[in-house]
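What follows is a set of notes on a single structure, which appears directly below.
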Amino acid sequence: MIDETFGYWFAGLTDGEGSFTLTYGNRPKFFPQPQFSLGFRDDEKKLIYMIQKHFGGIGSVYSNPKKYTNPQGYISNPVIMWMVNTRHDTQILVDFFHQYPLRSKKSRDFEVWAKAVELRNSGEWRGVRTPRIDAASAQMRKYAEELHRLKEYGA
698 MIDETFGYWF AGLTDGEGSF TLTYGNRPKF FPQPQFSLGF RDDEKKLIYM IQKHFGGIGS
758 VYSNPKKYTN PQGYISNPVI MWMVNTRHDT QILVDFFHQY PLRSKKSRDF EVWAKAVELR
818 NSGEWRGVRT PRIDAASAQM RKYAEELHRL KEYGA
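Residue numbers for the sequence shown follow our numbering, beginning at 698 and rising by one.
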C-alpha cells in the first residue's frame, strides 16, 4: 500500500523526470514492449532504492559509474536508473498512475504506454498480429513520430 504523500510526490517527480517508452523489435510482427525508466545522477542512489522499495521492490536498478561525453560534447556524470518492464511490474505502475494521475504533457505518453501494457497483459498479444494489435501499434508509432517532430522544434 502506497501512502498518499508518496503517491502525489512520485507522480510529480515522474511528470518531470520519468520516461514511458515503447521498444520495438527488429521484426514488424513484434508488438512494442512498454518500459518505464527514471534516472538520476549516481549520487542519488538512496532515492532510487527508496522509490523501488515503496513499489515493493519491482523493476531493476542499473548503474553506469563512468562519465562519458555525449554527441553535443557535454560530459555526463555517472548515472543510476530504475527500469520497469515486466508484465506484472508495468501493470503495478499503470494502476498507480490511474490513482495518482500525471498532470503534465507526459500524461499523453502515459496513456499510450498504458494501452500497450493493457494489450500485452490481456493475453491477446502472443507474438501474433491481430487487427487490434496492428491498429494499436500504428497509433503508437504515429504518436511517437509526432513526439519526435515536436521535440525537434522545441515544443
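Even for Gly, the Cβ is constructed at its ideal location relative to N, Cα and C.
Endpoints, the beta strand (DSSP E) within which Asn-761 is located: Unbroken beta strand (DSSP E) run through Asn-761: 757 to 761.
CB contact flag (Phe-703, Val-781, <8 Å): No, the pair does not count as a contact, with Cβ atoms beyond the cut-off.
Per-residue burial, Arg-738 [other beta carbons within 10 Å of its own, 16 or more giving buried]: Arg-738 is exposed by the Cβ-count criterion.
Assigned secondary structure, Ile-745 (DSSP; H/G/I helix, E/B strand, else coil): In the structure shown, Ile-745 falls within a helical segment according to DSSP collapsed to helix, strand and coil.
Backbone secondary structure at Leu-735 - three-state DSSP: Here Leu-735 sits in strand by DSSP.
Boundaries of the alpha helix (DSSP H) in which Phe-707 is found, first to last residue: Bounds of the alpha helix (DSSP H) holding Phe-707 are 701 to 714.
Buried or exposed by the 16-neighbour rule on C-beta atoms within 10 Å, applied to Pro-731: Pro-731 should be labelled buried.
Lys-839 versus Ser-757: straight-line alpha-carbon distance, rounded: Lys-839 and Ser-757 have their alpha carbons spaced roughly 29 Å apart.
Beta-ladder partner(s) of Val-809, from DSSP: DSSP output for Val-809 lists no bridge partner at all.
Where the alpha helix (DSSP H) through Gln-788 begins and ends: Where Gln-788 is concerned, the enclosing alpha helix (DSSP H) stretches over 784 to 796.
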